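Notes to accompany the following structure.
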Amino acid sequence: MTDFSPPPARRSPLRLVSGVLWLVAAGLGVGSTFPVVYSRLYQRDFRFDSGYWQSRTDGPNDEPVVTTTYFGVPVILAAVLLVVACLVALLSARRWGAIVSGAFGTGVLVDSTLTWYVGMITPESSDDPTRVEVGTGLILVTAATVIALFALVLALAERVRPVHAPPPYYQPTHPPMQPVRMPAAQPQVQQQPQPQRWEPETPSYGVPVQTEPPIEPPPVPEPGTISRKLDGEDK
Numbered sequence: 001m002t003d004f005s006p007p008p009a010r011r012s013p014l015r016l017v018s019g020v021l022w023l024v025a026a027g028l029g030v031g032s033t034f035p036v037v038y039s040r041l042y043q044r045d046f047r048f049d050s051g052y053w054q055s056r057t058d059g060p061n062d063e064p065v066v067t068t069t070y071f072g073v074p075v076i077l078a079a080v081l082l083v084v085a086c087l088v089a090l091l092s093a094r095r096w097g098a099i100v101s102g103a104f105g106t107g108v109l110v111d112s113t114l115t116w117y118v119g120m121i122t123p124e125s126s127d128d129p130t131r132v133e134v135g136t137g138l139i140l141v142t143a144a145t146v147i148a149l150f151a152l153v154l155a156l157a158e159r160v161r162p163v164h165a166p167p168p169y170y171q172p173t174h175p176p177m178q179p180v181r182m183p184a185a186q187p188q189v190q191q192q193p194q195p196q197r198w199e200p201e202t203p204s205y206g207v208p209v210q211t212e213p214p215i216e217p218p219p220v221p222e223p224g225t226i227s228r229k230l231d232g233e234d235k
């Protein structure tokens, strides 16, 4: 049985690229939750390391103090949304489904990254100046945010296309038929009236009298004409 339904249209390259970039951003976001985000060094030989799941304080004479934190939960949620956006962009024809999921995931990454930068540049005390060191976690989450934003821009720049491709064009095997032109209507020639025929007047007894011209007698030959024709002198 022949299937005459049109084939599905190819997905835009921008959608495929944005899906792959969202997947890369999700991986970088999850990877940024394991190393230290930034470290703050004090003049009294104190060191404070901040991360997604724990913060560590080291003193010159005291034992390190480790505190459990849950800053990594929003980043994990953002990674899940970006993976969903990647799957929708690669496997489904719904354009706005991938954009909505990718936008939410990108927004969570942007919020987490800005929170870390604000906490890093804000001094805790003006009397005790500190020095800040950027950790690997902040570099990874920044890269993930930039890549996710770029993927979102590509997804929004994709043009709206029909779900199905137009039917293919087949070259005709014979020349196209010329349109048949109908002959122009000829103007009707107005017929001339027939001349009225003259007929003789019918007499009272019902039979018309046909008049004929009188029969003339043949001409009389001159004397001597017959004898000359017999002798061959004249024809």
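The sequence shown begins at 1 in the numbering used here and counts up one residue at a time.
We put the CB at the ideal spot given by N, CA and C, even for glycine.
Owing to the predicted nature of the structure, the values given are computational and were not obtained by experimental measurement.
- Within the DSSP bridge table, the entry for T57 names F48 and V65 as partners.
- Rounded to whole angstroms, V75 and V37 show a C-alpha spacing of 13 Å.
- Residue R47 holds the alpha-carbon nearest to the alpha-carbon of E63 among L77, Q54 and R47.
- For the 7 Å CB-CB criterion, G72 and T115 do not form a contact.
- Where V36 is concerned, there is no enclosing alpha helix (DSSP H), because DSSP gives it neither an H nor an E.
- Annotated three-state conformation of V20 is helix, per DSSP.
- Y42 is bridged by DSSP to T130.
- Here DSSP, grouped into helix, strand and coil, assigns M177 to coil.
- Judged by DSSP in its simplified three-state form, V220 adopts coil rather than helix or strand.
- CA-to-CA, the gap between D111 and L140 works out to about 15 Å.
- The shortest CA-to-CA distance from T69 to any of P60, N61 and S55 is the one to S55.
- In the structure shown, I215 falls within a coil segment according to DSSP collapsed to helix, strand and coil.
- With 16 or more other Cβ atoms inside 10 Å of its own Cβ, G29 counts as buried.
- Nearest to T130 by alpha-carbon distance, out of A103, D49 and A26, is D49.
- In terms of CA proximity to A148, W22 leads the group L16, W22 and L14.
- Following the DSSP letters along the chain, one finds A78 inside the alpha helix (DSSP H) bounded by residues G72 to L91.
- Ranking E158, I215, G19 and Q194 by CA distance to the CA of L87 puts G19 first.
- Per the C-alpha coordinates, the member of L14, P35 and A85 positioned closest to A25 is A85.
- Taking C-alpha positions only, Q43 is separated from G59 by approximately 11 Å.
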